[in-house]
Amino acid sequence: MDFMLEEELIDLMTFCLQNPDSAEVQDKKKRIAEIGEELYNDGGVDALENFFFALKNRITEEIGKDPSVFRPLWNGLTEEWKY
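Residue numbers (the working numbering): 1 to 83.
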């Protein structure tokens, strides 16, 4: 399941970074937030950190853009995650 969520997050974030003016961006950001909640519920803040580390490395390598702008979408899940 984690692999499928990672792939979905990569697709969502890549789309948003490459198409910032698209009408679909808000829905995709909502889904990114939902997946973050699923990850947190399953593995806590460590799961969020591990996933984001892998996402950032892969997206930065593949398209040359930094997905860190999406980190705040997971704010509010825990006091430990403040971006």
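For each residue, glycine too, the CB sits at the ideal point set by N, CA and C. Just so it is clear, the structure is predicted and the values come from calculations on it, not from any experiment.
Ordered along the chain, which non-local residues of its own chain (more than five positions away) have a Cβ less than 7 Å from that of Lys82?
-> Excluding the 5 residues flanking it on each side, Lys82 has same chain C-beta neighbours closer than 7 Å at Asn75, in chain order.
What residue does the alpha helix (DSSP H) around Glu80 start on, and which one ends it?
-> Following the DSSP letters along the chain, one finds Glu80 in no alpha helix (DSSP H), marked with neither H nor E.
Rounded straight-line distance, which links the Cα of Thr78 to that of Val45 | Straight-line Cα distance between these residues: approximately 7 Å.
Go through its chain and collect everything with a Cβ distance to Asp13's Cβ below 7 Å, but skip five positions before and after it.
-> Inspection of the sequence shows that residue 13 is occupied by Met rather than by Asp. Once the five neighbours on either side are set aside, the close Cβ partners of Met13 are Ile32, Leu55, Ile59, Pro67, Phe70.
Would a C-beta distance cut-off of 7 Å place Lys28 and Cys16 closer than the cut-off?
-> Yes, these two residues count as a Cβ contact at 7 Å.
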